[in-house]
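There are 2 protein chains.
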Amino acid sequence: MQSKAVYLKSRPAGKPVAANFELVDVEVGEPGEGQILVENIYMSVDPYMRGRMREAWGPGDSLMGGAIGRVISSGASGIKEGDFVSHGMGWRQHVVVDAATAGVVDPALAPLSSYLGVMGMPGLTAYGGLLVTGEYKDGESVFVSAASGAVGSVVGQIARIKGSREVIGSAGSDAKVAMLTEEFGFSHGFNYKTSDPLEELRKGAPKGIDIYFENVGGPQLEAALTHMRPYGRIPICGMIAHYNDGDSMTPGPRNLTETIYKFVTLRGFVVSAFAEHEGQFRQDMGGWIRSGDLKYHETISEGIENAPTAFMGLFEGANEGKMLVRLAADPTL
Amino acid sequence: MQSKAVYLKSRPAGKPVAANFELVDVEVGEPGEGQILVENIYMSVDPYMRGRMREAWGPGDSLMGGAIGRVISSGASGIKEGDFVSHGMGWRQHVVVDAATAGVVDPALAPLSSYLGVMGMPGLTAYGGLLVTGEYKDGESVFVSAASGAVGSVVGQIARIKGSREVIGSAGSDAKVAMLTEEFGFSHGFNYKTSDPLEELRKGAPKGIDIYFENVGGPQLEAALTHMRPYGRIPICGMIAHYNDGDSMTPGPRNLTETIYKFVTLRGFVVSAFAEHEGQFRQDMGGWIRSGDLKYHETISEGIENAPTAFMGLFEGANEGKMLVRLAADPTL
Chain A
10 MQSKAVYLKS RPAGKPVAAN FELVDVEVGE PGEGQILVEN IYMSVDPYMR GRMREAWGPG
70 DSLMGGAIGR VISSGASGIK EGDFVSHGMG WRQHVVVDAA TAGVVDPALA PLSSYLGVMG
130 MPGLTAYGGL LVTGEYKDGE SVFVSAASGA VGSVVGQIAR IKGSREVIGS AGSDAKVAML
190 TEEFGFSHGF NYKTSDPLEE LRKGAPKGID IYFENVGGPQ LEAALTHMRP YGRIPICGMI
250 AHYNDGDSMT PGPRNLTETI YKFVTLRGFV VSAFAEHEGQ FRQDMGGWIR SGDLKYHETI
310 SEGIENAPTA FMGLFEGANE GKMLVRLAAD PTL
Chain B
10 MQSKAVYLKS RPAGKPVAAN FELVDVEVGE PGEGQILVEN IYMSVDPYMR GRMREAWGPG
70 DSLMGGAIGR VISSGASGIK EGDFVSHGMG WRQHVVVDAA TAGVVDPALA PLSSYLGVMG
130 MPGLTAYGGL LVTGEYKDGE SVFVSAASGA VGSVVGQIAR IKGSREVIGS AGSDAKVAML
190 TEEFGFSHGF NYKTSDPLEE LRKGAPKGID IYFENVGGPQ LEAALTHMRP YGRIPICGMI
250 AHYNDGDSMT PGPRNLTETI YKFVTLRGFV VSAFAEHEGQ FRQDMGGWIR SGDLKYHETI
310 SEGIENAPTA FMGLFEGANE GKMLVRLAAD PTL
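If you read the sequences in order, they're chains A and B. Positions 10 to 342 (our numbering) are the ones given, in order, by the first sequence. Positions 10 to 342 (our numbering) are the ones given, in order, by the second sequence.
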């Protein structure tokens, strides 16, 4: 069948521009043994894709990324026509996917689009990072940086839902901080650009924090180490503050000795660590979404021809919450 | 009775100097109910005491630390005159100790002085830090800094005894490095002052290290993070390099992001975490000492008046192995 896909025409120099992309007509074949033909409904655009355009993806390459679609025909056992699947072949309308790389998703549990956000990798990252790597116990005090983001906002809400005594979040603007406390139910929020992290932690959790969900590095990590309670845990999810360091690396925390007498653990992780927890995660998260306990934002562009614009918008702050493109009508809406 | 003790005269600014200490005459009373009067034979000087001089101990305070002594008279059931005990009231010749805070030690099992070293807290620190906090599994590759010291030398030897594929140690002089490989049986040693830690780790363990037993911080911690294998562990035992930093703290590792995709754990600990392992530890360690598998050094100063000099020597590398002061003749020698 005839379909459309977005290819990289040239590598961006600095911020991506429209001329870096090309909408092309492609011929999509029939699924072979163990394959499925999928009509994509939603695709995700994410900042990490900019990095891939530096080396992995060159001129003339098709782009890829997370997507949710409907199975049109199936050559795989266990997946049938009409199923909805999550897979890694976005930036195109139709695609043949190896069934082994796709997962069936249930629109009865949560909206289809949420499987690219809170019900997908960012959600599982938050869930596993807090509950598995962070070994969260009911009632403990939690601090999360980059708290208005796709991962951080879920971390804080899960802690709140699970009875956290104090949930502190930091973000980079007063508007985002207001969202933390007013919408996501954090007990305390602060703007890390205009306030002292240690002071804010003392204000938000006078007796110290048990878990710091680490997203950014820098002064907030130092403050967290200082204000950590005995046997505290620091799941290290990523250090956005350091991503652009290049050769001159940002100094690390000067107070790692804080870990010693407090028996504090720092532990790095990525979402692949939580594969075995995915079933429970989907059950829990679906329930919290349906009950309204857990909230999230999406910014949705319409049509594959607008995918490059949506991607470029990431670097202009055009999105509020997860940035998505709708490639076909969502039959579950 | 009349006795002598060392008091803190003033708080050190940076490295401790002689003028910070004072030898004073003290009156020591009789032991009451549940107490014992002890003549100290050996006392320990340790880097952690420098930290206590910042807040816990002020001018005019008596100092404290691990000691082994002989019971002169006892008001406690279970401990009798002539017993040897380990306790926490060093820096003085005679002292009345609550029996509950003292433990009887057996000079037939190992030399008295070793109970302040390989059979005591440093030994248990090494044993628990490697096997419990570090979760060492037979055959894994281990790197330990400050490897010629009281803790480090035991870490490396336990790893070697337990079949470690590669045991790498670093020390601050070529003589100490030679001792690591020639006497303690490390597979590779390097002088951290004259060589590049990362290069040396690559040389000593081409496929990476599973455990870095962290004693010093600084560039060796960075090198270890870079050369860590997936699921590696970094028990953080102490950071001698930072003890004298004062207000200008040493920058921490700039590459904590290395933990993320390698699922690396850093975990602080002190010896009190291993109380329940002490029985097994004494059995294992006693056996290794008697079989000659495990070797240790002691640097012993004579006389309480030399205790401050011995302590200051810790920060100048004056000790080879455990730094002790002999306060009275050892009747078991």
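Even glycine gets a Cβ: it sits at the ideal position worked out from N, Cα and C.
Item	Value
Have a look at residue 84/B and residue 298/B and give me their C-alpha separation to the nearest angstrom.	34 angstroms
Can you grab the Cα-Cα spacing for the pair residue 82/B / residue 91/B, in whole Å?	8 angstroms
Run the proximity test for residue 264/A: is its beta-carbon closer than 8 angstroms to any non-hydrogen atom belonging to the ligand FAD?	Absent from the structure shown: the ligand FAD. Ligands present: none.
Near residue 239/B, what residues of its chain come up, given a Cβ to Cβ distance below 7 angstroms and the 5 sequence neighbours on each side ignored?	271, 272
Please name the residues in the region 271 to 299 of chain B whose beta-carbon is closer than 7 angstroms to at least one beta-carbon of chain A, in chain order.	271, 272, 273, 274, 275, 276, 277, 278, 279, 282
Looking at the secondary structure, which residues open and close the beta strand (DSSP E) in which residue 83/B lies?	76 to 83
Near residue 116/B, which residues of its chain fall below 7 angstroms by C-beta distance, leaving aside the five closest residues on each side in sequence?	93, 341
State the DSSP-derived secondary structure class of residue 189/B, mapped to helix, strand or coil.	helix
Would you say residue 266/A lies against chain B (beta-carbon separation less than 9 angstroms)?	yes
Would you say residue 160/A and residue 120/A are within 9 angstroms of each other, going by their C-beta atoms?	no
Return the bridge partner residues of residue 244/A from the DSSP annotation.	276/A
Residues in the same chain with beta-carbon distance under 7 angstroms from residue 263/B, minus the five sequence neighbours each way, listed in chain order, please.	231
Specify the secondary structure class of residue 88/A as computed by DSSP and reduced to three states.	coil
Does any residue of chain A have a CB that is nearer than 9 angstroms to the CB of residue 77/B?	no
Check whether the Cβ atoms of residue 268/A and residue 275/A lie closer than 9 angstroms to each other.	yes
On the three-state DSSP scale, how would you describe residue 22/A?	coil
Buried or exposed: where does residue 124/B fall if 16 or more other Cβ atoms within 10 Å of its Cβ makes it buried?	buried
Which word fits residue 255/A, buried or exposed, when buried means at least 16 other C-beta atoms lie within 10 angstroms of its C-beta?	Confidence at residue 255/A is low in this model, with a pLDDT of 41, below 50, so the placement of that residue should be treated as unreliable; the coordinate-derived value is given next. Exposed, because fewer than 16 other Cβ atoms sit within 10 Å of the Cβ of residue 255/A.
Residue 136/B to residue 75/B, Cα distance in whole Å?	18 angstroms
Relative to the C-alpha of residue 228/B, which candidate in 43/B, 58/B, 210/B has its C-alpha closest?	210/B
Going along chain B, which residues have a C-beta under 7 angstroms from residue 170/A?	Those do not exist, as residue 170/A stays about 26 angstroms from chain B at its closest Cβ, beyond 7 angstroms.
Against chain A, with Cβ distances strictly below 9 angstroms, would residue 22/B count as a contact?	no
Can the beta-carbon of residue 150/B be found less than 9 angstroms from the beta-carbon of residue 214/B?	yes
Kindly indicate which three-state DSSP category residue 326/A falls into: helix, strand or coil?	coil
Is it buried or exposed, residue 113/A, if we count other Cβ atoms within 10 angstroms and call 16 or more buried?	exposed
Which chain A residues are close to residue 262/B, counting only those with a beta carbon under 7 angstroms from its beta carbon?	261
With three or more C-beta pairs closer than 8 angstroms as the rule, is the region 315 to 330 of chain A touching the region 16 to 34 of chain B?	no
Quick check: what's the CA-CA separation for residue 287/A versus residue 127/A?	12 angstroms
Find the residues of chain B that neighbour residue 226/A, judging by a C-beta separation of less than 9 angstroms, and give them in chain order.	265, 266
If you count every other CB in all the chains shown that lies within 10 Å of the CB of residue 10/A, and 16 or more means buried, which is it?	exposed
Mind checking whether residue 177/B and residue 196/B have CB atoms under 9 angstroms apart?	yes
Taking the alpha-carbon positions, what's the residue 54/A to residue 144/A distance?	31 angstroms
Assuming residue 21/A contacts residue 58/A under a Cβ cut-off of 8 angstroms, what Cβ separation, rounded to an integer in Å, is found between them?	Contact flag wrong, Cβ pair sits at about 10 angstroms.
Can you list, in chain order, the residues of its chain with a C-beta nearer than 6 angstroms to that of residue 334/B? Leave out the 5 residues immediately preceding and following it.	52, 310, 316, 319
Under a CB-based cut-off of 9 angstroms, is residue 125/B close to chain A?	no
Measure the CB-CB distance between residue 134/B and residue 280/B and report whether it falls below 9 angstroms.	yes
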